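Just add 20 to the spot in the sequence shown (first one is 1) and you have the numbering used here. Read through the structure below, which is laid out as structure tokens, and then see the notes.
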Amino acid sequence: MPLIPEQMPTREDWLDALLSAGGSPQALLGEDGRVLVANRAFTDALGCPPDAAEGRTLAEAGLPAGTADGIERLRRQVMTTGMPAGMAAGADGPFPGLPSALALTPVADAGGRIRAVALSADAPAADVIAAALAEARAETAQARADAERARTAKGKFLSAASHDLRQPFQAMHLFHHLLSGRLTDPASIELANKLEQAIIGGETLLRALLEVSALEAGLVTANPQTFPVDELLAKMLEEFGPEAEAKGLRFNVHPLDAQVTSDPVLMERLLRPIMANALRYTLKGGILLAARRRGENLRIEVWDTGVGIDPSNQTVIFEDFHQLGNPGRDRKQGLGLGLAIVRRLAQVLGHPVTVRSKPGKGSVFAVEVPLAGNDGDRSDDGSADSDDPDPAVGQSASAAASSVAGTVLVIEDDAMQLEGIGLLLQGWGYAVIPARGIDEACAGLDGGAAPPDLVLSDLRLSGPETGIDAIQAVRARCGRRVPGVIVTGDTDPDRLRSVDRSGFPLVHKPCDPAALRRLLSHSLKAGRGALLTGGRRADTACNTACPR
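Here it is, written out as structure tokens:
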């Protein structure tokens, strides 16, 4: 019979009496595996005084080492998984002379954290806990299966939405550009400009929401590889340099000869919103993009001389739809999703992103990336250590090149897109060879069309064909490395990585016509005059059959 004090028993005394009344050995094991409290039946089974077990491990309290180790493994499992566990009785039971099974149950605090494990040596309780464990495992397996089905379905929906919803926006961009060139009435031009703002606002919101949804659904995974950090910096310079120059800002790059390990596609997507914000909030001065070593890591830093960020806002800026200095929600100033996407991409990549800023002085955003294992010099680099960016040092942005006329083979399986792109390029002075696939492209070349100076292809064509296949087929057909540009509305990471591996420049739909024009001009200038594979030059006719 359990005993209680004769006078003024405490709540703990009553609980101890209740614990001992059942007759089954019971104990509560803490986070370190030591006994927090045990009833009389437990200490009697161990053959020790009533208070001798508390504060000790099971082995110290007298349990055989092998059995104590087995219970300890189960205790750690319960602490980690939050699921109950059991141990069948041995020849003499888990305790000397007690042929009972063991049941271990998690004990959580109000916040849901597992703080202890309840141990009970009782055969009926073990049977119940075993049944509960089997049921919990079945529910967990079903939940995993349901979650995977939901993830797969969401992935298919987002992939289809990403491609199909972008197509109308791309067509609207192209036809708006053509329409604007034919308007002369000021009122009509003003309406067309407002239409363009609405199109840009809609497609920007769509793109951001699709990216956030894909990240939230776990559809974006990192594919780490080793690459030179200078390649990443050069892409940022090429993309944002013209805009910086147009605003009268100095844009300097401090390169570093170092190899990093990361996903280059996701790193571009992470840096892009940071660069865009630096340009948006910098009205005078300049921007510095720099890389420097920090022990085993490399820091990519974006400095600006913009408005700066108050310390109280330096955390909330990474929340969804949070913007500073835009109470009227002017879409021209962004959506407030850029840094939220940065935060999610940083989590996917495992790269910490930090910010330091002085209101009225400017900001520095930095992302830490692991240096590649074969990168020799791991000493700290003192570049970019000054309090303010120095726009006078480094590689400056160059003005956008003027367009160069040429022949462009456009491959697009959507008829409306093909027509719109063709009209746009013709308006810029290009000769256009339209094609809806690889076979049609080769047929056009066989029909006496001028050899293309450049191939502009959509990534996803009909069937298994891709734009990469199309450009490679045209190159084989012409026997030379015809410059190629890929256009896509797809956000699937695997497809984007395939483009990155191909080395072809990538344009995301809906694309800005001015940016597309600059890219075409740059690609044509880079390809003109180069020696061709097999000794052919760019003006040599194509007469080799397309490989299939």
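Glycine is no exception: its CB is placed at the ideal position from the N, C-alpha and C atoms. A quick note: this is a predicted structure, and the numbers were derived from the prediction, not measured.
Legend entry - Minimum Cβ-Cβ distance from Ala47 to chain C less than 8 Å: Absent here is chain C; the protein component of the structure consists of one chain.
Inset, instruction - Please report how far the alpha carbon of Pro22 lies from the alpha carbon of Gly67, in whole angstroms. - result: Low confidence applies to Pro22: its pLDDT is 41, below 50, so where it sits in the model is not reliable, and the reading given next is rough at best. C-alpha separation (whole angstroms): 17 Å.
Inset, instruction - Pick out the complete alpha helix (DSSP H) segments inside the segment 186-214, 4 residues or longer, and give them in chain order. - result: The segment 186-214 contains no whole alpha helix (DSSP H) run of 4 or more residues.
Legend entry - Simplified DSSP state of Gly483, which is helix, strand or coil: Three-state DSSP puts Gly483 in coil, outside helix and strand.
Legend entry - Contact the segment 529-549 vs the segment 457-472: 3+ CB pairs below 8 Å: no
Inset, instruction - Compare the beta carbon distance of Met103 and Leu122 with 8 Å and say whether it is the shorter of the two. - result: Their beta carbons are not under 8 Å apart, which means Met103 does not touch Leu122 by this criterion.
Legend entry - Environment of Val362 [buried if 16+ CB atoms lie within 10 Å]: buried
Inset, instruction - Express the C-alpha separation of Leu215 and Leu516 in angstroms, rounding to a whole number. - result: 30 Å
Legend entry - Residue environment, Ile431, which counts as buried when at least 16 other CB atoms sit within 10 Å: buried
Inset, instruction - Pick out whichever of Pro126, Gly393, Gly358, Thr325 has its Cα sitting closest to the Cα of Leu229. - result: Gly358
Inset, instruction - Have a look at Gly86, Ala136, Pro126, Thr325 and flag the residue whose alpha-carbon is nearest the alpha-carbon of Arg54. - result: For Arg54, the nearest C-alpha among the options comes from Ala136.
Legend entry - Inter-residue Cα distance where the pair is Glu74 and Thr101: 25 Å
Inset, instruction - Would you tell me roughly how many angstroms separate the C-alpha atoms of Asp52 and Val98, rounded to the nearest one? - result: 13 Å
Legend entry - Residue of Val519, Asp512, Pro525, His542 minimising C-alpha distance to Glu231: Of the candidates Val519, Asp512, Pro525, His542, the residue whose Cα lies closest to the Cα of Glu231 is Asp512.
Inset, instruction - In angstroms with no decimal places, state the Cα-to-Cα distance between Ile488 and Gly442. - result: For the pair Ile488 and Gly442, the Cα-to-Cα distance works out to about 20 Å.
Legend entry - Minimum C-alpha distance to Asp129 - residue among Leu78, Gly50, Thr87, Gly86: Gly50
Inset, instruction - Rounded to whole angstroms, what's the CA-CA distance from Asp434 to Val428? Just pull it up for me. - result: 17 Å
Inset, instruction - Over the uninterrupted alpha helix (DSSP H) stretch that includes Gly67, give me the two end residues. - result: Gly67 -> no alpha helix (DSSP H), and no H or E assigned at all.
Inset, instruction - Taking only the alpha-carbon atoms, compute the straight-line gap between Ser522 and Ser208 and give it to the nearest angstrom. - result: 43 Å
Inset, instruction - Rank Leu544, Leu318, Phe260, Ala470 by C-alpha distance to the C-alpha of Gly306 and give the top, closest one. - result: Phe260
Legend entry - Sub-8 Å separation of Leu438 and His197 beta-carbons: no
Inset, instruction - Determine the contact status of Leu290 and Ala191, defining contact as a CB-CB distance below 8 Å. - result: no
Inset, instruction - Could you please give the first and the last residue of the uninterrupted beta strand (DSSP E) stretch that includes Gly106? - result: Note, Gly106: beta strand (DSSP E), 105-107.
Legend entry - Straight-line gap, Ala58 to Pro126 (C-alpha atoms, nearest Å): 16 Å
Inset, instruction - Could you name the residues that DSSP lists as bridge partners for Trp448? - result: Answer is none; Trp448 lacks a bridge partner.
Inset, instruction - Could you pull out every unbroken alpha helix (DSSP H) segment of at least 4 residues lying fully inside the segment 268-329, listed in chain order? - result: 284-300
Legend entry - Paired residues, beta bridge with Ala47 - DSSP: Ala58, Leu139
Inset, instruction - Closer than 6 Å by C-beta to Arg376: which residues in its own chain qualify, once you throw out the five before and the five after it? Chain order, please. - result: Val384
Inset, instruction - Thinking Val494 and Lys529 are a contact (beta carbons under 8 Å), I'd like their distance in whole angstroms, please. - result: No, Val494 and Lys529 are not in contact; Cβ-Cβ is about 21 Å, not under 8 Å.
Legend entry - From Leu479, Pro484, Ile453, Gly328, residue whose alpha carbon lies closest to that of Gly473: Note on residue identity: the sequence assigns Asp, not Gly, to residue 473. It is Ile453.
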